[in-house]
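Going down the list, the protein sequences come from chains A, B, C and D. The opening position of the first sequence corresponds to residue 1 in our numbering, with each subsequent residue numbered one higher. The opening position of the second sequence corresponds to residue 206 in our numbering, with each subsequent residue numbered one higher. The opening position of the third sequence corresponds to residue 411 in our numbering, with each subsequent residue numbered one higher. The opening position of the fourth sequence corresponds to residue 616 in our numbering, with each subsequent residue numbered one higher. For every residue, glycine included, the Cβ atom is placed at its ideal position computed from N, Cα and C. Just so it is clear, the structure is predicted and the values come from calculations on it, not from any experiment. Let me begin by presenting the structure, written as structure tokens, before commenting on it.
4 protein chains.
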Amino acid sequence: MDRETAHEIKCDRFIQCMRMIDEQLDETSKSVDMESVKKIIEYIVDSNRIFIMGAGRSGLVGKGFAMRLMHMGFDVYVIGETTTPAVKSDDLVIAISGSGETTSITNLGKVSKNEIGAKLIAVTSNPDSTLGKMADVKLTVGGRATSQEEDYLERHMRGDYKSMAPMGTMFELLSIIVLDAIIAELIAITGASEEDLRSRHATLE
Amino acid sequence: MDRETAHEIKCDRFIQCMRMIDEQLDETSKSVDMESVKKIIEYIVDSNRIFIMGAGRSGLVGKGFAMRLMHMGFDVYVIGETTTPAVKSDDLVIAISGSGETTSITNLGKVSKNEIGAKLIAVTSNPDSTLGKMADVKLTVGGRATSQEEDYLERHMRGDYKSMAPMGTMFELLSIIVLDAIIAELIAITGASEEDLRSRHATLE
Amino acid sequence: MDRETAHEIKCDRFIQCMRMIDEQLDETSKSVDMESVKKIIEYIVDSNRIFIMGAGRSGLVGKGFAMRLMHMGFDVYVIGETTTPAVKSDDLVIAISGSGETTSITNLGKVSKNEIGAKLIAVTSNPDSTLGKMADVKLTVGGRATSQEEDYLERHMRGDYKSMAPMGTMFELLSIIVLDAIIAELIAITGASEEDLRSRHATLE
Amino acid sequence: MDRETAHEIKCDRFIQCMRMIDEQLDETSKSVDMESVKKIIEYIVDSNRIFIMGAGRSGLVGKGFAMRLMHMGFDVYVIGETTTPAVKSDDLVIAISGSGETTSITNLGKVSKNEIGAKLIAVTSNPDSTLGKMADVKLTVGGRATSQEEDYLERHMRGDYKSMAPMGTMFELLSIIVLDAIIAELIAITGASEEDLRSRHATLE
């Protein structure tokens with residue numbers, strides 16, 4: 001692309017996209033199932049060790065959540081990292097997958113549940129997926145929102161929703177926010193101070 | 206923590222936190238500097254190769270952005286990954302750091318700018334930081350919001366803002382959203398379809 | 411363990427282990443199938459793009475090889491890293507697995523071969539494994555050596571070979587060395603100088 | 616490169632390289648300082664938690680060592696991974712760097728030693744380097760070998776040693792082997808069985 005074209009950038013889509021995410025977040029705040037949130041918090045607090053898994057951008061969402069759990073003092077690991085040990089029957093596995101059908105994640109979910117007997121939480125936009133169905137607790141994020149999104153699109157953007165939040169973007173953004181809100185609740189429950197968290201933050205980075 | 210206590214979880218903080226993020230996002234939508242956004246889009250479109258860097262959760266924000274740039278067909282690398290090559294003078298480096306003072310990132314920023322002569326973009330909440338000062342373009346995210354946050358805190362939460370969004374959480378969340386909105390604008394500019402993006406999405410994961 | 415005990419460390423096993431690896435390497439130098447080595451070099455030189463995969467320590471072996479291929483200027487990616495794109499039919503996939511039965515790797519191998527139609531090289535100690543059988547070329551490393559190892563064990567160590575090189579250690583060590591020797595041959599063939607390699611070595615690390 | 620040329624691959628360099636590594640390993644077996652090996656084993660056994668760091672291929676060497684320490688039941692972390700906590704004064708840091716001058720590693724080494732007060736082990740081919748000088752214990756690998764290598768080169772290969780083991784290859788290979796021999800000694804000291812190790816091996820990969 002030449003400079004001249006670049007100078008004409010109007011950022012209409014940037015602004016529309018920010019607005020759409022804002023509306024979606026507003027919707028999610030109202031629609032998220034509080035019973036699932038409570039159960040997840042119970043499972044985390046009661047767990048021996050916590051293992052997080054996800055592929056692609058959902059994997060990054062999981063790592064961000066794992067980092068905060070570590071800061072809080074939980075014994076937490078990311079599947080696939082160097083010193084992650086074997087999952088045992090009294091451990092908790094949290095799987096993040098928008099579609100709930102990512103092969104590697106559903107395979108690992110099956111091993112966790114059926115062979116090892118660990119507890120399994122699914123964070124997904126598709127509760128009726130393979131992953132959703134096998135989970136002990138499922139947190140649906142951005143699921144109901146889908147029709148909302150389509151709706152919003154109809155009203156405001158004439159068919160270009162997908163080009164603004166391609167391939168699961170909305171699920172990923174909303175998941176991060178919901179998981180950070182779960183951290184806020186965990187901080188309140190455990191009485192951890194910012195000081196406590198900071199003391200566990202990596203000093204070498 | 207015993208089960209009984211866990212059963213009393215009321216999720217007040219969860220709800221407050223969701224609401225606070227929602228308000229912050231609303232504020233950011235209005236306050237983000239569109240000239241910086243435009244320049245970043247120009248730099249990306251004009252770049253030879255793009256290198257992304259960040260530490261901790263800011264590093265995860267960077268990886269999520271890098272993945273989408275790859276899906277769009279850009280030649281993009283994450284600093285520190287296995288097959289990331291040497292940065293050259295005609296490359297673009299994008300550094301993400303809330304404080305703008307993370308030692309490893311400011312060190313690498315100096316090498317990029319001063320020794321290699323590459324272009325440097327800083328995404329930060331602190332434009333007057335070491336990183337912010339040396340960047341060719343800086344995108345301030347959540348900076349103005351800080352006083353806003355304190356304000357919100359005063360009004361609604363009696364001193365517990367920090368326990369709801371500890372250590373840069375708000376910067377990280379807002380950065381991801383702003384960078385995904387930049388992707389939306391890039392998709393509009395380049396005319397990439399969801400199909401184009403999907404064709405580059407990792408098939409083995 | 412208390413200091414007193416520690417002071418009695420005699421390093422007998424350290425020395426025996428060094429010697430055993432030395433003998434195994436000597437054996438491997440003689441037994442490695444040169445036809446497979448040649449075919450692998452041909453496949454690499456003829457490839458469009460190269461994708462490397464492996465789990466656990468075999469994954470690290472793969473990453474070390476990928477890094478050197480990148481230094482030589484090949485278009486190479488590690489499966490699972492942030493900006494690794496979709497594998498296409500004209501790409502080459504190199505899978506590393508001692509047992510040849512690691513679930514994630516054999517699954518990805520099947521997708522590469524059967525669904526995508528890419529070429530597949532297996533580096534394994536078990537050529538009759540699921541992975542070995544589906545590969546276009548297989549390089550057997552430490553396979554023949556196994557009986558050798560048992561032999562050596564009988565003669566010198568009375569049953570404790572396994573405690574010196576547990577769970578695939580010997581396969582991993584020999585694989586790294588064989589793959590670095592393949593790099594040496596590739597350097598000779600392409601005429602790359604140390605200078606060429608150094609110019610692509612990560613400047614930001 | 617066209618197929619015809621490829622068919623003429625003779626693998627002379629492959630064979631020479633295997634032989635050179637074999638000779639180097641033989642030399643290292645004889646020259647490694649056993650007092651340093653003993654001290655490292657003591658430090659590991661006496662440590663609270665162990666943190667491993669290295670850049671590039673030396674980082675991969677470190678990760679392979681960390682994985683085995685985890686299998687043995689040690690509380691071990693890799694610097695830079697998601698859930699790696701803050702280093703404290705009673706922790707042990709093991710740094711791997713051939714040159715002993717990799718900026719990020721020497722910087723982190725300084726923080727570990729001077730600011731945190733943790734113990735520091737350096738695995739390096741350059742004991743007089745910045746990293747080597749600040750370490751509590753240094754293990755020199757492939758250092759003496761350098762002149763040996765040059766020697767071997769003179770005798771057998773007329774000036775092309777570097778093209779067979781570019782940029783620290785020999786240090787990396789010898790480090791992995793020495794560290795795996797340290798694992799063998801640790802297994803003997805602690806009486807860990809293959810069964811013990813296997814029980815901690817990642818079940819989800």
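Task: Reduced DSSP secondary structure (H/G/I, E/B, other) of C/MET482 - done: In this structure, C/MET482 counts as coil in the three-state DSSP scheme.
Considering just the uninterrupted stretch of the alpha helix (DSSP H) at C/MET544, what are its terminal residues?
Its alpha helix (DSSP H) spans residues 540-544.
- Query: Along the segment 715-745 of chain D, what residues have a CB closer than 9 Å to any CB found in chain B?
  - Reply: Taking 9 Å as the Cβ-Cβ cut-off against chain B, the residues of the segment 715-745 of chain D that qualify are THR718, SER719, ASN722, LEU723, VAL726.
*Coarse secondary structure for A/THR84, derived from DSSP in three states*: In this structure, DSSP gives A/THR84 a state outside helix and strand, which the three-state scheme calls coil.
Beta-carbon proximity list for C/ILE593, same chain, < 8 Å, skipping 5 on both sides:
In the same chain as C/ILE593, and ignoring 5 residues on each side of it, the C-beta atoms closer than 8 Å to its own belong to PHE475, ARG478, LEU479, MET482, in chain order.
| said: Considering only the alpha carbon of each residue, which of D/SER644, D/ASP648, D/ASP661, D/THR699 lies closest to D/MET668? | reply: Nearest of D/SER644, D/ASP648, D/ASP661, D/THR699 to D/MET668, Cα basis: D/THR699.
**Study point:** Span separating the alpha-carbon of C/VAL497 from that of C/PHE461
**Key:** Taking the CA atoms as reference points, C/VAL497 sits about 8 Å from C/PHE461.
Subject >> Secondary structure of B/GLY261, DSSP reduced to three states >> reply: For B/GLY261, the secondary structure class from DSSP, reduced to helix, strand or coil, is helix.
Count Cβ pairs between the segment 214-224 of chain B and the segment 324-339 of chain B that sit closer than 8 Å; are there 3 or more? Not touching, per the Cβ criterion.
Per-residue DSSP class, three states only, for D/LYS725 = Correct three-state label for D/LYS725: helix.
* To do: With a threshold of 16 other CB atoms inside 10 Å of the CB of D/MET782, please say whether the residue is buried or exposed.
  => By the 10 Å Cβ count, D/MET782 comes out buried.
Discussion item. Counting C-beta neighbours from all protein chains within 10 Å, is the total for A/GLU205 16 or more, i.e. buried, or is it exposed?
Written reply: Counting Cβ neighbours within 10 Å, A/GLU205 comes out buried, since at least 16 surround it.
Review point. Helix or strand or just coil, what does DSSP make of C/THR512?
Key: Here C/THR512 carries a coil assignment [DSSP, helix/strand/coil].
Would A/ILE79 and A/LEU60 qualify as a contact pair, given that the criterion is a beta-carbon distance under 9 Å?
Not a contact, by the Cβ cut-off of 9 Å.
Practice task
Could you name the residues of the segment 77-94 of chain A whose beta carbon sits closer than 9 Å to any beta carbon of chain D, in the order they occur along the chain?
Solution key: Here the close residues are TYR77, VAL78, ILE79, GLY80, GLU81, THR82, THR83, THR84, PRO85, ALA86, VAL87, LYS88, VAL93.
field: Neighbouring residues, chain B, relative to A/GLY56 (Cβ below 7 Å)
entry: Below the 7 Å Cβ cutoff, chain B contributes MET272, ALA407, GLU410 as neighbours of A/GLY56, in chain order.
Along the segment 174-188 of chain A, what residues have a CB closer than 9 Å to any CB found in chain B?
-> Shown in chain order are the members of the segment 174-188 of chain A whose Cβ falls below 9 Å from a Cβ of chain B: ILE176, ILE177, VAL178, ASP180, ALA181, ILE182, ILE183, ALA184, GLU185, LEU186, ILE187, ALA188.
Query raised in the report: Which residues in the same chain have their Cβ closer than 6 Å to the Cβ of C/LYS523, if we skip the five residues on either side of it in sequence?
Result: Correct list, in chain order: LEU530, MET544.
Neighbour-count burial assignment, B/ARG262, 16 or more Cβ in a 10 Å radius
Counting Cβ neighbours within 10 Å, B/ARG262 comes out buried, since at least 16 surround it.
Host beta strand (DSSP E) of A/LYS137 (start-end) = This sequence places Val at residue 137 of chain A; Lys is not what is there. If you look at A/VAL137, you'll find it in the beta strand (DSSP E) that goes 137-140.
Cutoff 9 Å: C/SER609 Cβ touching any chain B Cβ = Interface residue, yes.
Quiz item: In chain order, what residues of the same chain have a beta carbon less than 6 Å from the beta carbon of A/ASP136, not counting five sequence neighbours either side?
Solution: Non-local beta-carbon contacts of A/ASP136 in its own chain, meaning distances under 6 Å to residues more than five positions away in sequence, involve LYS119, LEU120 in chain order.
| message | For a contact defined as C-beta to C-beta under 9 Å, what are the partners of D/MET685 on chain A? | response | Going along chain A in sequence order, the residues near D/MET685 (Cβ under 9 Å) are THR82, THR83, THR84, PRO85.
Check: Under a Cβ-count criterion, where at least 16 other Cβ atoms within 10 Å of its own Cβ denotes burial, should B/MET375 be classed as buried or exposed?
Finding: B/MET375 should be labelled buried.
| message | Under 8 Å: does the beta carbon of D/ARG683 sit that close to some heavy atom of the ligand FMN? | response | Ligands displayed in this structure: none; no statement on the ligand FMN is therefore possible.
- Task: Report yes or no: is there a C-beta of chain C within less than 9 Å of the C-beta of B/MET339?
- Result: The beta-carbon of B/MET339 is placed no less than 9 Å from the nearest beta-carbon of chain C.
Task: Beta-carbon separation (whole angstroms), B/GLY267 vs B/ILE321, contact threshold 8 Å - done: No, B/GLY267 and B/ILE321 are not in contact; Cβ-Cβ is about 19 Å, not under 8 Å.
| Cα separation between C/ASP422 and D/ILE709? | Each residue's Cα considered, the two are about 23 Å apart.
(Q) Give me, in chain order, the residues of the same chain whose beta-carbon lies closer than 6 Å to that of D/THR755; leave out the 5 immediate sequence neighbours on both sides. (A) Within the same chain, D/THR755 has close Cβ partners PRO742.
Exercise for the section: On a CA-only basis, which of D/VAL793, D/THR643, D/GLU716, D/TYR692 is nearest D/THR745? Give me that one, please. Expected result: Comparing Cα-Cα distances from D/THR745 to each of D/VAL793, D/THR643, D/GLU716, D/TYR692, the minimum goes to D/GLU716.
*asked:* Quick check on A/LYS119: does DSSP put it in helix, strand or coil?
replied: Strand at A/LYS119.
Can you name the residues of chain C whose CB is closer than 7 Å to the CB of B/LYS268?
Per Cβ cutoff of 7 Å: THR492.
| message | Quick check: the Cα distance between D/GLU657 and D/GLN639, rounded to an integer number of angstroms? | response | It is roughly 27 Å from the alpha-carbon of D/GLU657 to the alpha-carbon of D/GLN639.
request  = Using beta-carbon positions only, say whether A/LEU174 and A/GLY132 come within less than 9 Å of one another.
outcome  = With respect to the 9 Å criterion, A/LEU174 and A/GLY132 are not classified as neighbours on the basis of their beta carbons.
Along chain C, in chain order, which residues have C-beta atoms closer than 8 Å to that of B/MET170?
-> Given a span of 206 to 410 for chain B in the structure shown, any question on residue 170 of chain B remains unanswerable.
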